[in-house]
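These notes are about the structure you will find just below.
Numbering (our numbering), first residue to last: 18 to 161.
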């Protein structure tokens, strides 16, 4: 029974691979669905629980999409760099393109707030409102 439960939970979790942490959560959910089935002796309850899980995921995904759409964006792809964030791509027509930022520029600060990682840059930009002007300090061709 334990082996069958483990295999069933793994078969439930593996196709839903969103990274190791989420796969582990879904493995646990697979065990819970099995427990509900054994308790209620019907497939209907686990089906509804699984459907509710999917509905919750879709609601969270839509909320994230709406929040992202209404957030300030610079319009660049970044890589970490020892001095800040290296711009690896500038989206055509974006705020970064309009401001004259170029591929291989290194962003060191925004509004005198140091930028130490791509996540930090996103946090600083998204704390602004769409249309706000910000001062971006960069290193271009080795000169700051």
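Cβ atoms here follow ideal geometry from the backbone N, Cα and C, with glycine treated the same way.
Taking the DSSP output, what are the residues bridged to residue 106? 94
Roughly how many angstroms lie between the CA atoms of residue 46 and residue 23, to the nearest whole one? 12 Å
Who are the near neighbours of residue 152 in its chain, counting only those whose CB is closer than 6 Å to its CB and skipping five residues on each side? 128
Beta-bridge pairing of residue 160 - partner residues as DSSP gives them: 157
Decide if residue 81 is buried, meaning its Cβ has at least 16 other Cβ atoms within 10 Å, or exposed. exposed
Could you check the C-alpha separation between residue 126 and residue 86 for me, to the nearest Å? 24 Å
Kindly indicate which three-state DSSP category residue 150 falls into: helix, strand or coil? coil
Touching or not, the segment 113-125 and the segment 98-105, by the rule of three or more beta carbon pairs under 8 Å? yes
Using C-beta distances below 8 Å, list every residue in its chain close to residue 135, excluding the 5 sequence neighbours before and after it, in chain order. 95, 96, 97 and 102
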